[in-house]
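No gaps in the numbering here: position 265 of the sequence shown is 252 in my numbering, and each next residue is one more. Written below as structure tokens is the structure these notes are about.
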Amino acid sequence: MRDNLTFKEIEHFLACPRKYYMDLSSTPLEGYEDLENECRELMNMKFAVEKPVMSTSVFGRRFISTPAALVPHGDKWKLVIRKFAKRFKPKYALEASYHGYIFSNAGFMVSTVVVETPHFSKEIDWRDNVPQLFSTLEAITSVESGDEPPAVPVPLCKTCTHVIRCTRDLVEQGSLSAIHGIGRKTILKLAESGIENLSDIIKCDQTPPSLSKEVFEILKIKATSLVENREYVFRELPELKHGVYLDIETHTTHGFDYLFGILDSDEYIPFFSSSLEEEKEVFGKVLTLLEKTEGPIYHYCGYEPSRFKELTSLFKVDQNLYEKIRKRFVDVYAILKKHIALPLFTYSLKSVARYLNFEWRTSLNGMKSSRYFDEWLHTHDDSLLNLLLMYNEDDDRATKKIVEWLMHLS
């Protein structure tokens, strides 16, 4: 059980209660009491405060509020939450209630909460979502003191370290949701034919009338792969040649790619840009290097080729050079999806590479890396940059691990 919680833990819980439960040993926020005392002193003098800290007890737990800023607002206070998103997200309303309630309950009445981003500013009446807030806080405390929540596939699974364990739990339950790529509509179609679990689909000899024979056969193979905990090649693999590996890290808020990582003959070559203006020069260097290499340019999922097309148009790159490089792109995820059944419910890069015993040296993911880069822009802390480079290199090496495994299979 955590000693104290911030809204970050609430976000984790809402994204996946099971992962929240499995990560209960994470380090709590330490030293907040001194920061809270300083905040109280400043507020008692009616000073505006950057990065204020306040806490309160709810359901026997200590919840800590850490908004971006607060300013006097008449005889009350206005809280500021800073984000980077282009559009307002429903969870911001819950976060507004969280911060508004904690400060108000601590004796500093909050009149309004403002969500600020580079793209919009929105004022929120934090009281509107207090009932939802209390339901969420109660659910968190119940989970911490209760049994482990069941495995449920969610978007977070793509980068989660627990994905293999959760897959095995779903298989033990016989859940059809363990099958990669299966949707709710397909599950309902199977149910109409009396197929309700993995065992049913494996034993079924007749194709349900609502599904094609090819689709049903692949579902059966995937179910068998899960139950037997082994991979199956259900369609002949293409011949794969040695090549280079490409991975791009993007800062979505600022709208540019800050890191192009290339792995060539086991040498990692990063191309880093700290601004949109630098990206043009960096992209030119990337193209020059790729032109000098031979063989396929392996990437995972479709972002890299689509981004190259956009940048080629944006920076008016020679079309012939772009076409030469475009023809060399090979999507490793597409190969897996079309040819391999794996005992996993997600075929994300991190899931498949971990299945092959590859481990990342950092705990970063796409969203975290973007936040780290934004922090680096403000601090130029070399340790942050080193983590970003390490994360990008590991993505390249994970892709290489999968390609070499596919070569062995074929």
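Think of the CB as a built atom: it goes at the ideal place given N, C-alpha and C, for glycine as much as any other residue. Keep in mind it's a predicted model, so treat the numbers as computed, not measured.
Burial state of residue i (16 or more Cβ within 10 Å)
i: K(-5); result: exposed
i: T146; result: buried
i: N116; result: buried
i: H229; result: exposed
i: K279; result: exposed
i: H367; result: exposed
i: D134; result: exposed
i: S356; result: buried
i: T275; result: exposed
i: G61; result: exposed
i: N373; result: exposed
i: R341; result: buried
Sequence-distant residues of its chain with Cβ nearer than 7 Å to residue i (five each side left out)
i: E82; result: F(-6) and I68
i: M30; result: V36 and F95
i: D318; result: H286, C288 and G289
i: N92; result: T43
i: Y334; result: H167, Y320, L323 and K324
i: P59; result: K33 and A35
i: P136; result: P4, R5, Y8 and V130
i: V158; result: A165, L185, L213 and V214
Limits of the beta strand (DSSP E) - the one that residue i falls within
i: K63; result: K63 to R69
i: M354; result: No beta strand (DSSP E) holds M354; the alpha helix (DSSP H) holding it covers G353 to T366.
i: E79; result: Strictly speaking, residue 79 in this sequence is Tyr, with Glu absent from that position. No beta strand (DSSP E) holds Y79; the alpha helix (DSSP H) holding it covers P77 to N92.
i: I398; result: Not covered by the structure: residue 398. The range shown for the chain is -12 to 397.
i: D112; result: Element bounds for D112: n/a, residue is neither H nor E.
i: H229; result: Careful: H229 lies outside any beta strand (DSSP E) and carries neither H nor E.
i: D318; result: F316 to D318
i: Y245; result: F243 to D251
i: M41; result: M41 to V45
Boundaries of the alpha helix (DSSP H) in which residue i is found, first to last residue
i: L143; result: Element bounds for L143: n/a, residue is neither H nor E.
i: K172; result: R171 to E179
i: E254; result: Element bounds for E254: not the alpha helix (DSSP H) but the beta strand (DSSP E), E254 to F259.
Member of the options whose CA lies at the smallest distance from the CA of residue i
i: F316; options: L227, F302 and T366; result: L227
i: D112; options: P283, T386, E218 and S98; result: S98
i: P196; options: S180, D187 and L372; result: S180
i: W64; options: K76, S397, P39 and F75; result: P39
i: L371; options: E380, D381 and R358; result: R358
i: D383; options: E254, I89, E110 and E(-2); result: E254
i: D(-10); options: R5, P257, F46 and N24; result: F46
i: A138; options: I89, V150 and I205; result: V150
i: V130; options: N379, R171, I(-3) and L364; result: I(-3)
Own chain, CB closer than 8 Å to residue i, minus 5 neighbours either side, in chain order
i: E403; result: In the structure displayed, the chain extends from -12 to 397; residue 403 sits before or after that span and is not available.
i: G282; result: K228, H229, G230, V231 and R315
i: K119; result: Rather than Lys, the amino acid found at residue 119 in this sequence is Gln. Excluding sequence neighbours, Q119 sits near L81 and S84.
Close Cβ partners of residue i (< 6 Å) along its chain, the five nearest in sequence each way excluded
i: L143; result: A2 and C3
i: Y219; result: I208, S212 and A328
i: R155; result: none
i: A56; result: E37 and V67
Residue-chain proximity (residue i, chain D), Cβ-Cβ < 7 Å
i: V117; result: Checking the listed chains, one finds no chain D in this structure; it contains a single protein chain.
(request) Mind listing, in chain order, the continuous beta strand (DSSP E) runs of no fewer than 3 residues lying wholly within the segment 266 to 297? (result) 284 to 286
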